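In our numbering, the protein residues as written are 2 to 147.
Please read the structure below before turning to the comments.
Pasting the structure below:
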């Protein structure tokens, strides 16, 4: 997304605005769903299913759409875990905890997703080599360890 702005002096300035993204956090049977992107973003190879929030779409609606488009999984948004500017990408990420309502997890978008895995709590550091956003980490601690 781009903003075409002018300074007070009238000089044209174009700024790139990183898009807002909805990240889908789905827990089922003591595991969380992660996908491996076909194209890695630095250390971000494995991550939650996620994608841009379209114009007029809420973060929850985007989360449900992205889960379906990337994995074939049907989900119902339940809890907004939080949002932040991602320290590695600069994108504004909205983390949405979702409940599975149907479908089977698989690679529904092979041009975007190379693999997927249902990951146990103790395995997360092997897939995600950086600190998770604290509200997401707290949610996963509770959901996966209780």
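Just so you know, even glycine gets a beta-carbon here, dropped at the ideal spot from N, CA and C.
These numbers come from a predicted model, not from an experiment.
Taking the runs of the beta strand (DSSP E) that are 3 residues or longer, which of them lie wholly in the segment 29-108?
32-42, 45-48, 51-53, 75-86 and 93-103
Between the C-alpha atoms of residue 123 and residue 55, what's the straight-line distance to the nearest angstrom?
34 Å
By DSSP, does residue 120 sit in helix, in strand, or in coil?
strand
Could you pull the DSSP bridge partners for residue 137 from this structure?
Residue 137 is not bridged to any residue.
Whose CA, out of 117, 12, 57 and 11, lies closest to the CA of residue 51?
117
For the alpha helix (DSSP H) holding residue 131, just list the boundary residues, first then last.
Neither: residue 131 is in no alpha helix (DSSP H) and is coded neither H nor E.
Residue 33 and residue 156 - do their beta-carbons sit closer together than 9 Å?
In this structure the chain extends from 2 to 147, so residue 156 is not present and cannot be described.
Inter-stretch contact (C-beta, 8 Å, three-pair minimum) for the segment 128-147 and the segment 57-73
no
According to the neighbour-count rule (16 or more other Cβ atoms, all chains shown, within 10 Å of its Cβ), is residue 10 buried or exposed?
exposed
Is residue 100 closer than 9 Å to residue 84 when the C-beta atoms are compared?
no
Whose C-alpha, out of 88, 27, 94 and 37, is nearest the C-alpha of residue 65?
Taking only the C-alpha atoms, the option nearest residue 65 is 27.
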